[in-house]
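For reference, the structure discussed in these notes is given below.
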Amino acid sequence: MSDTTDTGPVLAADGTPLKRSLNRALRRQKLRALGLIAPLLIFVLVTFIAPIADMLFRSVENQIVSNTLPGTVQQLESWDSTSGEAPGEAVYEALYYDMFLASEAKEHTRLGTRLNYEETGVSSLFRSSGRSVDDIGEDYIDALEDLNEVWEDESFWYTLMSGGEDAAKNRGLLEEERDRLASLTSDNFGGNIGFVPGQEISDLLPNTARAYTSFALFTVVADEDVVAEEEPWEAVKIALVQDLKRGVDLSGYSGFGADELRAAQDMLAEQPDIAFKEAFLEMDEDWAATDNWRTIQVYSPPFTTGYFLNAIDMQKGVDGPEARPENQQIYIMLFKRTLFMSLVITGSCILLAYPVAYLLSNLPMRTANLLMILVLLPFWTSLLVRTSAWKVMLQQQGVINDTLVWLGLVDDAGRLIMINNQFGTIVAMTHILLPFMILPMYSVMSTIPPSYVRAARSLGATNWTSFWRVYFPQSVPGIGAGSILVFILAIGYYITPEIVGGTTGTFISNRIAYHISSSLNWGLAAALGSILLAAVLILYWAYDKIVGIDNVKLG
Amino acid sequence: MKLTKTLMASTALTVAAVSAHAEDMANSMTLVSWGGAYQKSQVNAYTNPYQEMNEGLEVVWDESSAEAVAKLRAMDEAGNVTWDVVDVVAADALRLCDEGLAMEIDPDEHLAPAPDGTSAEDDFGDLLVGDCFIPQIVYSTTFGYRTDMVPEGAEAPSDICSVFDTETYPGKRSLEKRPINNMEWALLCDGVAKDEVYDVLATEEGQQQALDKLDTIKDDVIWWSAGADTPQLLADGEVFMGSTYNGRLFSVIEEQDQPVAMMWDAQVFDLDGWIIPANLPEDRLARALDFIYFATDTQRLADQAKWISYGPARASSAPLVGQHAELGIDMAPHMPTDPENAKNTFLYNYEFWADYRDDIDAKFQAWLAQ
Amino acid sequence: MAESANRDAFVEFERVQKSYDGETLVVKDLNLSMPKGEFLTMLGPSGSGKTTCLMMLAGFETATHGKIMLDGVSINNIPPHKRGIGMVFQNYALFPHMTVAENLSFPLEVRKIGKSDREAKVKRALDMVQMGDFGGRRPAQLSGGQQQRVALARALVFEPELVLMDEPLGALDKQLREHMQFEITNLAHDLGITTVYVTHDQTEALTMSDRVAVFDDGRIQQLAPPDELYESPENSFVAQFIGENNTLEGTIKEINNGLALVELDDGELIDAKPVNVSKPGERTTISIRPERVEVDTAKLGENAHTLKAEVAEFIYMGDVFRTRLKVAGKDDFIIKTRNSADQQRLQPGQQVEIGWLPQDCRALDAV
């Protein structure tokens, strides 16, 4: 087409460039084709890609700490975890506000569970602290309320904090607290709540305004009450105490409640400071443990490598990642075992399936079909039934041992242990996965015409040579396809190893299942799953490099 | 809007509990349980009479209690909780409560008082573990042994430490493939006093001590993960003794007539009961609460014991326990709470295991895999 | 087996029978003997037993009864790889996972021939089929004709004395097929190898072979050089199967001086050469080749036999005209005439007189 390129783009009959009109003609076709596969595409995306993406995300996601304890995390930044001393008063004060709100929203136990994966005991620490956090500083609140009853009055509080109807409003603070609550509870805190903090009062009493705003949001959105009709939380009052004791200058304030505030400040000036740290330690002495604080500090970023480290028997130490104590190391060993056993299972499947598939593909159709039904029969039986059947076969009082004893091959005391170990797992899984090896092998073998072997024989090759040099290489794609299938299925199996694996025959998947369904440590499960996925992809890539993926066919 | 719904719902339920009109309640209810004989006992004792009272009510059973926590969490994340009442062990109820997945229960408001007027709170007593759990039965994890495999000249085992005594009692044992209970038994048999077990187990040394004790019988143990394993292993003569739930052993002994006997020593009490998932829609919540009110009253709990050998969780139900509905034998002596059986018992420590579960499990699994 | 009939026979089938199911015979009492260097074609419709014979010779099927001899030695119990027979398969059976050179090298390798020797032989064989440049290719990268050449080269590379070919040209288009027919015969003759060639294509059989064995119903119907087969078919199957043929049914009246008098079914009397008829009263099929029928009966001379006919159809075929006639009550009588300058084109409906020489008209067994 050199002559056309010389003279510019080829034009269609109507003068538009040919390329464009071709594209236009094809676009319709493409759209229609896309429409046809759309249901499948959406199905695959929703049921396959999305869960994998979710899994990968979960394995590093760790926003719960900073969402639940935002103030504490901020204050904790400056704490030196190697100092050997618990953090200072400011951290405990921040913890008080965070914990108060979290326990109102019932999110503190969830965080406790999360952190308990890293540091034993945090779970009950958070649970019990959430229960008694509202007792902190109750003497101050009593004193405040004894001083003046207005501090128990919900409408007084409302007017004080909103600064009256005409006052300038601090919308920024409201929005800030909306976001904070939304990230804490993952609920939507949008909408008009009938309260906006006053600008003047929030400049004057920043902590109080902040605490009252969260209280207001929570009251309206979560409790569905009216702010002006509810008495504020203890935390709001404690915040007021703290603001006043910090020596805020009320002399310039002439708005609503100025006198009450001054009186309160005067009264509080005589009182000692609130000892948050002491209060927390009294509640549970574990709040003094630097290990707990270090865990909170280490796991405060929104994303963490902690789960992945955990999944390879490491942990976040003071000086970066370090190996876990030896008596807790298990995952690397399980990964190795899983790979090793999957390879053994794949290997034994190849050995058993090859002759069967060969026989199937060389028998007359009728006989082959009958045999094929026998091959597929296990598919029609429940996995549990099949696995349990192996139990009956292999156990010490089982069929095989009984037969061996009867034959006199082993004596009654020396019955073989063939189940609840690796052997049992390999036997049962080989049996279960065998059809996945036979079927691709069979479909490849049945496409190899008998004339190849005949040709080889006529060319002077013995039976063995013609099999090995001519037949076998052509059946390799079937072995490849079957092996990939079996290996990938085996690597993720957990029911069979759980039932017949005992302690030495369990797979990494059993731990993943445990973390999904029992310990609820989904992050760790996701990290383990991601590593498994990566391992499979690497092996797949290696297979492609060594054997060539185009050398795989299912028929 | 989880919180909103909870609170909306709790207002609604106050109304519902007082004036329970069928038209406010859903016509279908999904119950989650464990399947098998246990679920059958619930059908007989609870849902059959309840359905007779509520015509047109459809009850759907889901045998997912073993994975209830994970499934409920997944349902909650997906925003579509399809379960109405879920049967879980107390430890799981505690976790569901911690996760905010179960509704908080006020016993005196949501549960029926005893016939003599005792409040539900007092009737259930200590068994009200956590804020969300509605106790149903007391079960125990204990040992059964093959009577025909007791060595000649040896007495039938009656002490928990015979589990660790492979010289007197050779043969395999089956133990659950998790640290809970096994660690406690190991310490008990390693000379730790009963009331110090959890203090010891809270220390690194104590955990190692328990594992070391277990190590002495490691080669003789078949580890089970399903409740049906030990009964099968005992029935097949694969093991000499094994731990499992007492109800499972009851059925091996009394229903299947196997040469198996109970060894109640140091049985570990645990609780099983209901929770209601958080944030149910109003009509389904009303139905769930109505059912719970009915199904946990004194008579109903006592009725369940006709079908399975687990003790009713109410003090007031105990005197009402009668005979097995099919075998016609007295059930009281088969209850874990029977004084004869409960001479030496151990109460599962929920708080302890909530904290130490992850840590000790990691060590236990690493030890197992060695 | 010195006592067996033919001393210079290279390949010999002796009363060979073959049955697969124990009920029917696929090959019935086959006797065949071919000398060294001969190119013999087994021709027949499918199911006639020709391929089975080939497979028995190659060793992939065993004879149920009888003896197969190669160079005077019974090979009944010799496995195929020890028979040293080259074979070209219908679909070539080139090993797809090997290159062309590896394919050719394979029979040499299994014969433990040294590497340098092997390479030389492979090169020579490839050059012989003009495929010298394709040694590194895979079979899938070759065209059908090229694959055919490679298959041929592979069958010849280890210098077998006997080569079997099982419909090797079946998958090729017409032009290529004709070209390959020519090449194969040339090669076979140049190398002096004995060839057994199986085909169902009679043109192929006629053009390539020294002798053709026509198979039908498990028997050799006629074994003869191509011209003899065509000119003098021994029975009506062969006559029908080989080339185009006009048949007329009738009854023998008398046989005299090597000429049979046949009364056709419409009462007409004609002379024919008796081939496998013996006595008067027998039913017979008269066979006349279309190209031996003349319209211009004057050309034929005295003792030609003439018949009246009516033109039913005239077909123009380029080099020849094909005319369908109604003769003796049948309307499928075909004549072929060369498209020569003076040849007239017959019109349908036209009444003509046709004729032929008695020796071209053969009285065969009745069908």
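Those protein sequence lines, which keep their order, are chains W, U and Y.
When you number the first sequence by the numbering used here, it's gap-free, plus one each residue, and the end is 555.
When you number the second sequence by the numbering used here, it's gap-free, plus one each residue, and the end is 925.
When you number the third sequence by the numbering used here, it's gap-free, plus one each residue, and the end is 1292.
Glycine included, C-beta positions come from ideal geometry on N, C-alpha and C.
{"Query": "Span of the beta strand (DSSP E) around Lys1251(Y)", "Result": "Val1245 to Val1252"}
{"Query": "The stretch 59–66 of chain W in contact with the stretch 301–318 of chain W per 3-pair CB rule at 8 angstroms", "Result": "yes"}
{"Query": "Pro706(U) to Gly306(W) span [Cα, whole Å]", "Result": "52 angstroms"}
{"Query": "is_contact[Ser124(W), chain U] using C-beta, thresh 7 angstroms", "Result": "yes"}
{"Query": "C-alpha distance - Ala575(U) paired with Ala33(W), whole-angstrom precision", "Result": "Its pLDDT being 47, under 50, Ala575(U) is placed unreliably by the model, and nothing is read from it."}
{"Query": "Listed by chain order, chain U residues near Leu334(W) by CB distance under 8 angstroms", "Result": "Ala924"}
{"Query": "Lys861(U) to Leu586(U) span [Cα, whole Å]", "Result": "21 angstroms"}
{"Query": "Selection of the stretch 604–633 of chain U by Cβ proximity to chain W, strictly under 7 angstroms", "Result": "Glu622, Val624, Ala625 and Arg628"}
{"Query": "For Asp1098(Y), the three-state DSSP class (helix, strand or coil)", "Result": "coil"}
{"Query": "Sequence-distant residues of the same chain with beta carbon closer than 8 angstroms to Pro1215(Y), five excluded per side", "Result": "Glu1169, Asn1170, Asn1171, Arg1247, Ile1259, Ile1260 and Lys1261"}
{"Query": "Proximity test, Cβ basis, 7 angstroms: Trp735(U) and chain W", "Result": "First, the residue type needs correcting, since residue 735(U) is Ile and not Trp in the sequence shown. So no, Ile735(U) is outside the interface."}
{"Query": "8 angstroms Cβ shell around Gly1280(Y) - same chain, five flanking residues per side excluded", "Result": "Val1218, Glu1219, Thr1222, Leu1225, Ala1229, His1230, Thr1231 and Leu1232"}
{"Query": "Under 7 angstroms by beta carbon: chain U residues contacting Tyr540(W)", "Result": "What Tyr540(W) touches in chain U: nothing, since even the nearest Cβ is about 27 angstroms away."}
{"Query": "Listed by chain order, chain W residues near Ile1038(Y) by CB distance under 9 angstroms", "Result": "Residues of chain W passing the Cβ test: none, with the nearest at roughly 10 angstroms."}
{"Query": "Any non-hydrogen atom of the ligand FMN closer than 6 angstroms to Leu826(U) Cβ", "Result": "This structure lacks the ligand FMN, and indeed carries no ligand of any kind."}
{"Query": "Short-range partners of chain W found in the stretch 993–1007 of chain Y, where Cβ spacing is below 9 angstroms", "Result": "Pro1004, Pro1005, His1006 and Lys1007"}
{"Query": "Simplified DSSP state of Leu568(U), which is helix, strand or coil", "Result": "Model confidence at Leu568(U) stands at a pLDDT of 45, short of 50, so the residue's coordinates are unreliable; what they give is reported in the following sentence. Correct three-state label for Leu568(U): helix."}
{"Query": "Span separating the alpha-carbon of Ala353(W) from that of Ile345(W)", "Result": "12 angstroms"}
{"Query": "Whole-angstrom distance between Asp745(U) and Thr673(U), CA atom to CA atom", "Result": "42 angstroms"}
{"Query": "Of the listed residues Ser103(W), Ile516(W), Ala288(W) and Ala357(W), nearest to Tyr471(W) (C-alpha basis)", "Result": "Ala357(W)"}
{"Query": "CB contact check: Pro1032(Y) to chain W, cutoff 7 angstroms", "Result": "yes"}
{"Query": "Phe43(W), enclosing alpha helix (DSSP H) - first and last residue", "Result": "Leu18 to Val44"}
{"Query": "Closer than 7 angstroms to chain Y by CB, Leu363(W)", "Result": "no"}
{"Query": "Boundaries (first-last residue) of the alpha helix (DSSP H) holding Glu1235(Y)", "Result": "Here Glu1235(Y) belongs to no alpha helix (DSSP H); instead the beta strand (DSSP E) covers His1230 to Tyr1241."}
{"Query": "Enclosing beta strand (DSSP E) for Lys1178(Y) [first to last residue]", "Result": "Asn1171 to Asn1181"}
{"Query": "Local Cβ density within 10 Å of Gly482(W), reported as buried at 16 or more and exposed below that", "Result": "buried"}
{"Query": "According to DSSP, residues forming a beta bridge with Pro832(U)", "Result": "Ala657(U)"}
{"Query": "Per-residue DSSP class, three states only, for Pro690(U)", "Result": "strand"}
{"Query": "Whole-angstrom distance between Gly1117(Y) and His1104(Y), CA atom to CA atom", "Result": "20 angstroms"}
{"Query": "For Arg1144(Y), the first and last residue of its enclosing beta strand (DSSP E)", "Result": "Arg1144 to Ala1149"}
{"Query": "7 angstroms Cβ cutoff, Val552(W) in contact with chain Y", "Result": "no"}
{"Query": "Buried or exposed (CB count within 10 angstroms, at least 16 for buried), Thr987(Y)", "Result": "exposed"}
{"Query": "Gln920(U) at chain W interface by Cβ criterion, 7 angstroms", "Result": "yes"}
{"Query": "Cβ pair count under 8 angstroms reaching 3, the stretch 448–468 of chain W against the stretch 386–398 of chain W", "Result": "no"}
{"Query": "Beta-carbon contacts of Asp14(W) that lie in its chain and below 8 angstroms, excluding the five residues immediately before and after", "Result": "Ser21"}
{"Query": "Contact under 7 angstroms by Cβ, Val236(W) with Tyr212(W)", "Result": "yes"}
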